[in-house]
DNA sequence: ATGGCCATCGCGGATGGA
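This is the structure in structure tokens:
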């Protein structure tokens with residue numbers, strides 16, 4: 001069972017790359033962010049031909065999220081219940097699994113950017129993060145097998161930042177944002193990428209300017225957080241840098257989580 | 001270098017992203 005998240009920065013532009021990537025990486029679920037299109041423009045047909053059905057929460061010009069799955073999903077929820085928001089940022093669903101794996105509750109999210117620490121957008125980001133945490137606290141009781149994945153727009157710490165000195169206190173790196181991210185960890189979620197060994201300077205986003213990707217001047221801001229019961233089922237988590245090398249790439253790379261049951265794990269160990 | 005790039009809307013240049 002593989003689950004992936006990818007901020008595509010316009011699905012209209014990136015659809016061919018998404019189809020190529022799914023052809024090479026036939027994951028069970030792909031969470032997309034920054035669709036930048038309305039539901040009526042969503043390319044259901046092309047994705048269905050590729051073997052995926054899609055739950056979509058679109059928006060014109062900005063934001064927009066979707067869950068693409070090989071199998072039917074249930075109980076789709078859009079945005080954070082109880083939090084008034086005119087932006088399409090969150091889509092959740094219950095996803096069936098194979099074999100011994102439990103059904104998963106998957107939350108795909110596009111966290112607010114926040115622009116600058118003294119801005120109205122930052123204040124909104126803080127309110128949004130508080131609402132997300134309070135909602136997820138209850139969600140985890142109802143759905144112990146939960147995955148929170150997407151573009152968090154927050155670095156965990158300086159290891160996630162190519163220039164921690166230059167970016168100290170800047171957006172994605174403030175203490176306030178990181179405290180909110182740690183509060184999500186405090187709910188019982190685990191940063192699945194760091195369950196596994198990765199080279200230093202493993203990032204998921206690189207600025208389009210300054211040849212930042214070629215120089216690996218990036219940030220790790222796209223994350224896959226898993227609840228405690230899933231921790232023992234996690235087999236791998238990795239960033240796929242390949243799509244960032246495409247012509248006209250998204251500025252983000254996909255992150256892929258592999259889960260398998262304990263019995264599968266025993267087979268792997270043996 | 002208070003920028004550089006990219007996408008959107010829409011047809012110039014502002015806005016947002018991160």
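Numbering (the working numbering), first residue to last: 1 to 270. The beta-carbon is built from N, C-alpha and C at its ideal position, and this holds for glycine as well. Quick caveat: nothing in here was measured; it's all calculated off a predicted structure.
DSSP-derived helix/strand/coil call for residue i
i: residue 192; result: helix
i: residue 126; result: helix
i: residue 48; result: helix
i: residue 205; result: strand
i: residue 170; result: coil
i: residue 2; result: strand
i: residue 141; result: helix
i: residue 219; result: strand
i: residue 134; result: helix
i: residue 159; result: helix
i: residue 40; result: helix
i: residue 242; result: helix
Residue i CB to nearest heavy atom of the ligand SAM below 6 Å
i: residue 141; result: Of the ligands one can find in the structure shown there are none, so the ligand SAM has no counterpart to examine.
Neighbour-count burial assignment, residue i, 16 or more Cβ in a 10 Å radius
i: residue 199; result: exposed
i: residue 114; result: buried
i: residue 196; result: exposed
i: residue 211; result: exposed
i: residue 60; result: exposed
i: residue 84; result: exposed
i: residue 177; result: buried
i: residue 222; result: buried
i: residue 270; result: Because the pLDDT of residue 270 is 48, which lies under 50, any placement of that residue in the model is unreliable, and the number read from its coordinates should be weighed accordingly. Classification of residue 270: exposed, given that the 10 Å Cβ count is below 16.
i: residue 121; result: exposed
i: residue 62; result: exposed
Distance CB(residue i)-CB(residue j) smaller than 7 Å
i: residue 144; j: residue 229; result: yes
i: residue 150; j: residue 116; result: no
i: residue 88; j: residue 57; result: yes
i: residue 43; j: residue 15; result: yes
i: residue 202; j: residue 253; result: no
i: residue 90; j: residue 104; result: no
i: residue 231; j: residue 256; result: no
i: residue 251; j: residue 208; result: yes
i: residue 233; j: residue 259; result: yes
i: residue 147; j: residue 106; result: yes
i: residue 27; j: residue 4; result: yes
i: residue 161; j: residue 219; result: yes
i: residue 227; j: residue 166; result: no
i: residue 55; j: residue 93; result: yes
Extent of the continuous beta strand (DSSP E) to which residue i belongs
i: residue 14; result: That residue, residue 14, is in no beta strand (DSSP E); its alpha helix (DSSP H) goes 11-24.
i: residue 182; result: Residue 182 -> not in any beta strand (DSSP E); alpha helix (DSSP H) instead, spanning 175-186.
i: residue 228; result: Looking at the DSSP string, residue 228 is not in any beta strand (DSSP E); the run it does join, the alpha helix (DSSP H), is 228-231.
i: residue 149; result: 146-151
i: residue 235; result: 234-239
i: residue 118; result: Careful: residue 118 lies outside any beta strand (DSSP E) and carries neither H nor E.
i: residue 33; result: 29-33
Taking three-plus beta-carbon pairs below 8 Å as touching, is the segment 181-197 in contact with the segment 35-53? Output reads no: the segment 35-53 does not touch the segment 181-197.
Decide yes or no for the touch test of the segment 17-37 against the segment 60-77: beta carbon pairs closer than 8 Å, at least 3 of them. yes
Does the segment 127-138 come close enough to the segment 239-254 to have 3 or more Cβ pairs within less than 8 Å? no
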